[in-house]
Each structure stands twice: as C-alpha cells, then as structure tokens.
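Numbering (the UniProt record's numbering), first residue to last: 1 to 158. Read through the structure below, which is laid out as structure tokens, and then see the notes.
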Amino acid sequence: MTGYNAYAIESDGSKNMNVLGLGYVGGLCTKFFVALGEDVAGTYSGMHTLTHEGGHVLGASHDQSNPKPSIPGDPGSLKCPWKDGHIMSYVDGGPRHHSFFMVQSEANTASRAIARRSLLESEHRQHWAHGTGEVSRYGRSTKRILQKCFSERTKRDR
Numbered sequence: 001m002t003g004y005n006a007y008a009i010e011s012d013g014s015k016n017m018n019v020l021g022l023g024y025v026g027g028l029c030t031k032f033f034v035a036l037g038e039d040v041a042g043t044y045s046g047m048h049t050l051t052h053e054g055g056h057v058l059g060a061s062h063d064q065s066n067p068k069p070s071i072p073g074d075p076g077s078l079k080c081p082w083k084d085g086h087i088m089s090y091v092d093g094g095p096r097h098h099s100f101f102m103v104q105s106e107a108n109t110a111s112r113a114i115a116r117r118s119l120l121e122s123e124h125r126q127h128w129a130h131g132t133g134e135v136s137r138y139g140r141s142t143k144r145i146l147q148k149c150f151s152e153r154t155k156r157d158r
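Set out below in structure tokens:
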C-alpha cells in the first residue's frame, strides 16, 4: 500500500491517473507475486484496494472476464456480472462490493491448487533426487504450502 498516486502508462505514453492498484492475476508462487495499491487519504479505500489486488494475485480476474490461457484451469469469470458490483468489479454494488462472486472464489481455489501441485511436484523431484525412491504423503495445509512458496521464492530470488 502506498499513499502516492498510482497510475498506468498508456500506449501513447500518457499517464492514466484512474488507477488505484496493480496485481498480477495468478502471480502466487511466481516472480510476479506482487501487488500495489493506493490508499487515498480520508477515503478508507486501502483495504478494498488491498483485497481487490490480492484477489488478482490469488487468481481472480475482473468480473465478466474470459479465462486466461496462461493460467491452467482458470475458469474465467464470465458468470460474474460486472454490473452486480462484487469486489472484482469497479461498480459499487453496495454490500456485494465487499465480497467475491462464487466463481472468483473458485478461481482462488484453482490458484491454490496450482501452487500446491507445483510445490508437491518439486518436493517429489527432491525426494527422488535424494535417493530414497519413495513418495511421501503430502497432507499439508494451505498455510504450510504458502510458507514453502515464500521460502522457495526467497532462495530463487537471491
């Protein structure tokens, strides 16, 4: 979160000041695990922006979006009407504006499943590389998987 003005550079080089944040869709456990949000003083918009951009990182696209081919198993969000004003829409849907549409929740679940699969495959390869020849059971919680994700990212980024 920042108190500075967020903006996007358009293709013609101009600044688009109608931006509150940026988050890479499906960026969890990748080098794109980043989000930025503007907290406009006096508006209490920061938590909403944080949730919206965090939704992107966890795999949620804007409401009424096509599936992203770069994200395996992405359900898209065509079933989430933009006009209903859930958190991944810019429309203020009143109380709905503070909740995800069900398909967006599924997208977040898909993102966690993708992260889990990639981490488990990594552990499987490491297990075999150590010569044990056995496959361990993977009964870990999402919290443990995310901790491992952050740990692996830190090692990789050094």
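Just so it is clear, CB atoms sit at the ideal spot from N, CA and C, and this is done for glycine as well.
Per the DSSP calculation, residue i is bridged to which residue(s)?
i	result
residue 8	16
residue 23	35
residue 2	38
Quick one: measure Cβ to Cβ for residue i and residue j, integer angstroms, because I've assumed they're closer than 8 Å.
i	j	result
residue 6	residue 50	Wrong, their Cβ atoms sit about 13 Å apart, outside the cutoff.
residue 60	residue 3	So it is not a contact: roughly 25 Å between Cβ atoms.
Whole angstroms is fine: what's the gap from residue i's alpha carbon to residue j's?
i	j	result
residue 10	residue 20	15 Å
residue 92	residue 85	5 Å
residue 94	residue 83	11 Å
residue 87	residue 45	12 Å
residue 15	residue 89	22 Å
residue 69	residue 97	27 Å
residue 43	residue 23	21 Å
residue 32	residue 54	12 Å
residue 38	residue 100	20 Å
residue 175	residue 1	For residue 175 there is no data in the structure shown, the boundaries of the chain being 1 and 158.
residue 77	residue 66	6 Å
residue 30	residue 80	26 Å
residue 27	residue 72	13 Å
residue 52	residue 13	26 Å
Using a threshold of 6 Å, is the CB atom of residue i nearer than that to any non-hydrogen atom of the ligand FAD?
i	result
residue 28	As far as ligands go, the structure on display features none, and thus does not contain the ligand FAD.
Applying the 10 Å Cβ sphere with the 16-neighbour rule, what's the burial state of residue i?
i	result
residue 63	buried
residue 57	buried
residue 74	buried
residue 25	buried
residue 131	Unreliable placement is indicated for residue 131, whose pLDDT of 43 sits below 50; the coordinate value is still reported in the next sentence. Residue 131 should be labelled exposed.
- Can you check the stretch 33 to 103 for any beta strand (DSSP E) of at least 3 residues that lies completely inside it and give the ranges in chain order? 35 to 37
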